[in-house]
Amino acid sequence: MSTAEFHGYVGVQSRGLIALPASVRERLRLNEPGTQLEVTERADGVVELRAAVPVPAEQAWFWTERWQQREREVDAHVAAGRVATFDSGEAFLESLDAVEPEQ
1 MSTAEFHGYV
11 GVQSRGLIAL
21 PASVRERLRL
31 NEPGTQLEVT
41 ERADGVVELR
51 AAVPVPAEQA
61 WFWTERWQQR
71 EREVDAHVAA
81 GRVATFDSGE
91 AFLESLDAVE
101 PEQ
């Protein structure tokens, strides 16, 4: 049994263009600017389409494994309650001045 939300037919226009149903585009957020589809032609004749939103070059650093590991570490600290909040920028800076440097 398939878990697909849509099954139907779409036409292929003369230049190879296809139009996906609006419900599919909305559900998969394919209406976002810059959205692309990854196309995979399989040996059994099936053509697979996968939604792919490309990462702008100026944001690529965020998606590196090193940065994502750091994001996971922060999430763990937040989940464990190891965070502090401050009422002002000045209070934050004072707290940094009070930290003893590591030896």
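Residue numbers (UniProt numbering): 1 to 103.
Ideal Cβ placement from N, Cα and C applies to all residues, glycine included.
From residue 110 to arginine 70, what distance separates their C-alpha atoms? Nothing about residue 110 can be read from this structure; the chain reaches only from 1 to 103.
Taking the C-alpha atoms as reference points, what is the distance between glycine 8 and alanine 79? Within the sequence shown, the letter at position 8 stands for residue 8. Within the sequence shown, the letter at position 79 stands for residue 79. Each residue's alpha carbon lies about 44 Å from the other.
DSSP on leucine 49, reduced to helix/strand/coil? In the sequence shown, residue 49 corresponds to position 49, counting from 1. Here leucine 49 carries a strand assignment [DSSP, helix/strand/coil].
Within the segment 39-103, ranges of the beta strand (DSSP E) (whole runs, at least 3 residues): 47-52
Return no unless some Cβ of chain C is closer than 8 Å to the Cβ of leucine 20. Reference to chain C is not applicable here, since this structure consists of a single protein chain.
Between the C-alpha atoms of glutamate 20 and glycine 81, what's the straight-line distance to the nearest angstrom? Position 20 of the sequence shown holds residue 20. Position 81 of the sequence shown holds residue 81. Correcting the residue type first, residue 20 is leucine in the shown sequence and not glutamate. Those two C-alpha atoms are separated by around 45 Å.
Given leucine 28 as reference, the closest of Leu49, Val10, Val12 once Cα atoms are compared: Against the sequence shown, residue 28 aligns to sequence position 28. The shortest C-alpha separation from leucine 28 is found at Leu49.
Start and end residues, alpha helix (DSSP H) containing arginine 25: For this step, residue 25 is matched to residue 25 along the sequence shown. Arginine 25 -> alpha helix (DSSP H) spans 22-27.
Excluding the 5 residues flanking methionine 1 on each side, which residues of the same chain have their C-beta closer than 6 Å to its C-beta? Residue numbering aside, residue 1 sits at position 1 when the sequence shown is read from its first letter. Note on methionine 1: pLDDT 45, under 50, position unreliable in the model; the coordinate value appears next. Nothing meets the Cβ criterion.
For leucine 37, which option in Ser95, Gly89, Ile18, Gln59 has the closest C-alpha, if you only look at C-alpha atoms? Working through the sequence shown from its first residue, we reach residue 37 at position 37. Ranking Ser95, Gly89, Ile18, Gln59 by Cα distance to leucine 37 puts Ile18 first.
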